[in-house]
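In the working numbering, the protein residues as written are 4 to 174. Beneath this line is the structure, given in structure tokens, with notes to follow.
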Ligand SMILES: *[C@@H]1O[C@H](CO)[C@@H](O)[C@H](O)[C@H]1NC(C)=O
Ligand SMILES: *[C@@H]1O[C@H](CO)[C@@H](O)[C@H](O)[C@H]1NC(C)=O
Ligand SMILES: [Ca+2]
Ligand SMILES: [Ca+2]
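Structure representation (structure tokens):
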């Protein structure tokens, strides 16, 4: 299959999942609170292009603002089967300190990151060279990492390419 085919298949699958939960939902309020996700399980982009990719589809690069949202995205990722076939996961989320070094905000909502679920010793603004630190965050999971790397955050260089996760943000 070409990349485009894979993308179309994933989109249809995500669209179908959305419809199923809509039909099953007998509670409009519960439905309106539910997020939809998109996970680029087969291709990588830099952080800026991931932001654009999500926005182009009416979605936002992921925000993880509390324990509930973390559990929801872990459940979604499990449902894709990705973590059954891969030992680890690294995917862009919208947290970044591009505006001011050390001050992390969600690009998706504009809100400050006040659920700081960082991996041990992160964020470390690791310097890849004299002028480039790490200003964009990934969600990282490693099957053998224990409590660390357990769907926790890590700042990485924004121009690096990673998988990414988009979400809808209910109004
Ligand atoms: C991340 O959040 C979960 C649930 O809120 C918590 O159990 C865990 O200890 C947190 N991990 C870190 C590294 O902050
Ligand atoms: C990793 O996070 C999950 C989901 O919150 C939790 O159930 C599990 O206990 C955590 N694992 C470790 C080793 O902390
Ligand atoms: Ca930084
Ligand atoms: Ca880092």
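All residues carry an ideal CB built from backbone N, CA and C; glycine is no exception. Keep in mind it's a predicted model, so treat the numbers as computed, not measured.
Contact test: residue i Cβ vs ligand 1 heavy atom, cutoff 7 Å
i, result
"residue 120", "yes"
"residue 98", "no"
"residue 124", "no"
"residue 70", "yes"
"residue 150", "yes"
Counted within 10 angstroms of its Cβ, other Cβ atoms place residue i as buried (16 or more) or exposed
i, result
"residue 155", "buried"
"residue 71", "exposed"
"residue 103", "exposed"
"residue 45", "exposed"
"residue 178", "The chain is shown only over 4 to 174; residue 178 falls outside these bounds and no answer can be derived."
"residue 98", "buried"
"residue 172", "exposed"
"residue 106", "exposed"
"residue 115", "exposed"
"residue 82", "exposed"
"residue 170", "buried"
"residue 127", "exposed"
Supposed contact pair residue j and residue i - C-beta distance, whole angstroms, cut 8 Å
i, j, result
"residue 53", "residue 91", "With a Cβ gap of about 18 Å, residue 53 and residue 91 do not count as contacting."
"residue 49", "residue 134", "In fact, because the Cβ distance is near 17 Å, the residues do not count as touching under 8 Å."
Contact test: residue i Cβ vs ligand 4 heavy atom, cutoff 7 Å
i, result
"residue 74", "no"
"residue 132", "no"
"residue 143", "no"
"residue 178", "A question about residue 178 goes unanswered here, because the residues of the chain that appear run from 4 up to 174."
"residue 106", "no"
"residue 170", "no"
Near ligand 6: residue i beta-carbon under 7 Å from a heavy atom
i, result
"residue 164", "Ligand 6 is not part of the structure shown, which contains ligand 1, ligand 2, ligand 3 and ligand 4 as its ligands."
Whether residue i touches residue j by CB criterion (8 Å)
i, j, result
"residue 157", "residue 125", "yes"
"residue 95", "residue 139", "yes"
"residue 181", "residue 62", "What is shown of the chain runs 4 to 174, which leaves residue 181 out entirely."
"residue 75", "residue 130", "no"
"residue 68", "residue 118", "yes"
"residue 51", "residue 85", "no"
Any non-hydrogen atom of ligand 2 closer than 7 Å to residue i Cβ
i, result
"residue 77", "yes"
"residue 94", "no"
"residue 157", "no"
Cβ of residue i within 8 Å of any chain B Cβ
i, result
"residue 84", "The chain inventory of the structure shown lacks chain B, comprising one protein chain alone."
Contact test: residue i Cβ vs ligand 3 heavy atom, cutoff 7 Å
i, result
"residue 102", "no"
"residue 138", "yes"
Whole beta strand (DSSP E) runs in the segment 93-164 with 3 or more residues, listed along the chain? 139-145 and 153-159
Whole runs of the alpha helix (DSSP H) within the segment 26-82, excluding any shorter than 4 residues: 31-36 and 50-59
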